[in-house]
Amino acid sequence: MALRQSFRTKHVSKFKHVFGKPNKKEFCYEGIRISKNAWESNFCAVNPKFLAVVLEAQGGGPFIVLPLERYGRIPLTYPKVCGHKGPVLDIQWNPFDDNTLASASEDCTIKIWYIPDGGLNEDLKDYVGQLCGHERKVGIVRWHPCASNIIASAGFDNVVIIWDVEREAAVLILKGHPDTIFSLSFNWNGSLIATTCKDKKIRVIDPREGKLIASDFGHRGPKGSQITFVGNSNYLFTSGFSKMNQREVALWDLANGLHKPLTIEPVDESSGLLMVYYDPDTRMVYLAGKGDGNIRYYEILEEEPYLVLLNEYRSSSPQRGFGVMPKRALDVAHCEVARFFKLHNNGFIEPIPMIVPRRDSGTIHFDLFPPTLSNRPAMSGDEWLRGMNKGPLLDDLLAGITGDNGMSRESYEAVTPIKARTEKRKENPIMQTQNDVAYSEPHLVNGNKGETTSRKGDYMSWDLDTLRVAYADLFEEVHSLKMQLKVRDAKIDKLERDHKYYSDKFGF
């Protein structure tokens, strides 16, 4: 009933007739053993150069990286990325480097990989970076949308960690989620993160301050849910399940404290999670249901009815996951406003361009393509960690002119871009910690009470639960510091022995 009402709105959208145009078979990918893991991930990541897909395998966690033009049947012997000791649960390309991606695994690590132009000629086992710190498997990895070399991850230890990739160090540790974290999203400038959790709550956190901005119940169903910020606004969009296990979507306004959604719309009674992709250029949100073949798309408005169902791409073939091509690789001359890579259950991967029908297709339509997200960072990771906020740089797809978005038109180069390294990485004896960066101190976010505590302050005013959590956190820190001291003492001892050896031998 609610969906029919959405169609009756007086709002007339130029995207109402967007349609999906499946590619011919010769421009698809076949024979890929896509992961059957029960975790609610897309198992796919795509950029203008490569398509990466998580594979099903016994032992370890391989995934495959294909050049986009490598169509057709993929042989079982095709080179794989296989450095993880457990199944890979999530992958994401670096938005500022098309040759670098991050993978999160059940082996409790996040690994950073460099893929050379043209793809792999042999199995890749040597990673260029490794992030160790989660105590249980890592289910989510997200690159910062504006700052270089910053990653957020969420693990089954119910902890969110912010990483400095260049230093391979955890710089912010956010605790307080009482159960499994289902999804995580940065806002427009990366100053906030939003999460959904198995306890059915939505949380919005300032990671650098360790401050819980807002928290309240979202979808009341027992299954998973997804969340994303809606462009450069205070809105959040979620998908989940009602108490009656109906799939539903909702729009929230952070300015209202998440106490009540602006609107909530039932979708259907299917059992698969609705995967969410929001396009800030068109204000459209796409929903791809796991286990069904449909892709629904809505337009988000700033006034009632807030959410308008535009149309639906229908297919009888169910999807296992889907990837989204960045806007800078779309065919703007033919009015392509999005392109999805649909993972079928039978190992078939199908690119699906989303087209706005225009009579004069082939002509540039400026109304469809505003400046879009650039592939250049707006600031360095160090600047973000010190408190700087900058919105993402924008590029004009039609004229090739960089939009300033209130910033300099000049691009910002990363401090030290990740490059291919010839030497093999050695396992760290202990996790590198936030002590490597003096200005960063991990904070403890008490997600249950909506309060923020830290190791500083008047602990006499804390309640018993907060004291217990703080005690456990301090115990972990003391243990980590003791381990660091042991490593430091061993290094000093070795240096002293080396010094004595050279002094005795050469008479220094």
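Read in the numbering used here, the sequence shown has 392 at position 30, and its numbers run on one by one without any break. Where is the CB? At the ideal position from N, CA and C, for every residue including glycine.
message: What does the alpha-carbon distance come out to for the pair I543 and E402?
response: For I543 and E402, the gap between their C-alpha atoms comes out near 11 Å.
key: Counterpart residues of S515 in DSSP-defined beta bridges   = Under DSSP, S515 shares a beta bridge with V503, I523.
TODO: Specify whether the segment 494 to 507 and the segment 441 to 460 touch according to this definition: at least 3 beta carbon pairs, one from each stretch, less than 8 Å apart.
DONE: A contact between stretches requires three or more CB pairs, one per stretch, nearer than 8 Å, and the segment 494 to 507 meets this requirement with the segment 441 to 460.
Requested in this report: Please look up how many angstroms separate the CB atoms of G743 and I512, rounded, as I've assumed it's under 8 Å.
Outcome: Confirmed, Cβ separation roughly 4 Å.
Residues in the same chain with beta-carbon distance under 7 Å from E664, minus the five sequence neighbours each way, listed in chain order, please. Cβ within range, chain order: n/a, list empty.
query: Candidates T557, F868, H706: which alpha carbon is nearest F579's?
result: Minimum Cα distance to F579 is reached at T557.
Self-check item: Own chain residues within Cβ distance below 8 Å of H621, not counting five before or after
Solution: Answer for H621: D578, listed in chain order.
Straight-line gap, T644 to E661 (C-alpha atoms, nearest Å)
Each residue's alpha carbon lies about 8 Å from the other.
Report task. Could you tell me the boundaries of the beta strand (DSSP E) in which H685 lies? Result -> Here the sequence assigns Gly to residue 685, which means His is not the residue at that position. Where G685 is concerned, the enclosing beta strand (DSSP E) starts and stops at 681 to 686.
Here's the rule: buried if 16 or more other CB atoms are within 10 angstroms of the residue's CB, otherwise exposed. What is P791? Residue confidence for P791 is low, a pLDDT of 32 falling below 50, so the modelled location carries little weight and cannot support an answer.
For this session: Evaluate K781 with the Cβ neighbour count: other Cβ atoms within 10 Å of its Cβ, from every protein chain shown; 16 or more gives buried, anything less gives exposed.
Result: Note that K781 has pLDDT 44, beneath the 50 cutoff, so the model's placement of it is unreliable and no number is given.
| request: Whole angstroms is fine: what's the gap from S545's alpha carbon to R850's? | output: Answer to the nearest angstrom: the Cα atoms are 38 Å apart.
message = Classify L747: buried if its beta carbon has 16 or more other beta carbons within 10 angstroms, exposed otherwise.
response = Result: buried.
Inset, instruction - Please determine if the segment 531 to 543 and the segment 513 to 520 are in contact, where contact requires at least 3 C-beta pairs separated by less than 8 Å. - result: The segment 531 to 543 makes contact with the segment 513 to 520: 3 or more CB pairs, one atom from each, lie closer than 8 Å.
Residue range of the beta strand (DSSP E) that includes L747 = Segment 743 to 747 is the alpha helix (DSSP H) holding L747; no beta strand (DSSP E) there.
Point to revise | Spatial distance of G434 from E571 (CA atoms) | key: In a straight line, the C-alpha of G434 is about 49 Å away from that of E571.
How many angstroms separate the CA atom of D722 from the CA atom of L730?
Our two residues, D722 and L730, have alpha carbons roughly 13 Å apart in a direct line.
- Query: Relative to the C-alpha of G382, which residue among L760, Y675, L755, A612 is closest?
  - Reply: Residue Y675 is the option with its Cα nearest to G382.
For E468, which residues in the same chain have their Cβ closer than 6 Å to its Cβ, ignoring the five residues on either side in sequence?
If you ignore the 5 residues before and after E468, its C-beta comes within less than 6 Å of the C-beta of G448, P449, K499, all in its own chain and listed in chain order.
Restricting to Cα atoms, I'd like to know which of N549, P569, S587, N596 is closest to K563. Considering only alpha carbons, the answer is S587.
### Task
Return the CA-CA distance between P628 and V611, expressed in angstroms with no decimal places.
About 7 Å.
Notebook entry, point to check: Excluding five sequence neighbours on each side, which residues of the same chain lie with their C-beta closer than 6 Å to the C-beta of S677?
Noted result: Excluding residues within five positions, the ones whose Cβ falls inside 6 Å are G655.
CB-CB length for Q492 against E530, believed under 8 Å = The Cβ separation is near 6 Å, so the contact holds.
Notebook entry, point to check: Alpha carbon to alpha carbon, what distance is there between Q420 and L755?
Noted result: Per the coordinates, the alpha-carbon of L755 lies some 42 Å from the alpha-carbon of Q420.
Nearest-angstrom Cα distance between S342 and L616?
-> The displayed coordinates of the chain run from 363 to 870. Any statement about residue 342 would go beyond what the structure contains.
Integer Cβ distance of D389 from L705, believed to fall under 8 Å
In the sequence under discussion, the amino acid at residue 389 is Phe, which differs from the Asp named in the question. Not really, about 16 Å apart at Cβ, beyond 8 Å.
### Query
Helix, strand or coil for E528 per DSSP?
Coil.
Euclidean distance between Cα positions of G619 and S601: So the two alpha carbons sit approximately 18 Å from each other.
- Using the C-alpha atoms, what's the distance from L847 back to A414? Going by the C-alpha atoms only, they are around 40 Å apart.
Are the beta-carbon atoms of G653 and Q681 separated by less than 9 Å? Going by C-beta atoms, G653 is nearer than 9 Å to Q681.
Taking the beta carbon of I426 as the centre, do at least 16 other beta carbons fall within 10 Å, making it buried, or is it exposed?
Only buried fits I426, as 16 or more other CB atoms lie within 10 angstroms of its CB.
(message) So, for S604: in the same chain, excluding its five sequence neighbours on each side, which residues have a beta-carbon less than 8 Å away from its beta-carbon?
(response) Answer for S604: H581, R582, G583, E610, P628, listed in chain order.
- Rounded separation between R701 and Y648 - CA only: Approximately 11 Å between the Cα atoms of the pair.
C-beta neighbour in chain C for A509, strict 9 Å: Given the protein chain composition of this structure (a single chain), no chain C is represented.
Whole angstroms is fine: what's the gap from F728's alpha carbon to F412's?
The straight-line gap separating the alpha-carbon atoms of F728 and F412 is approximately 28 Å.
Alpha-carbon to alpha-carbon, G634 and C470: Going by the C-alpha atoms only, they are around 26 Å apart.
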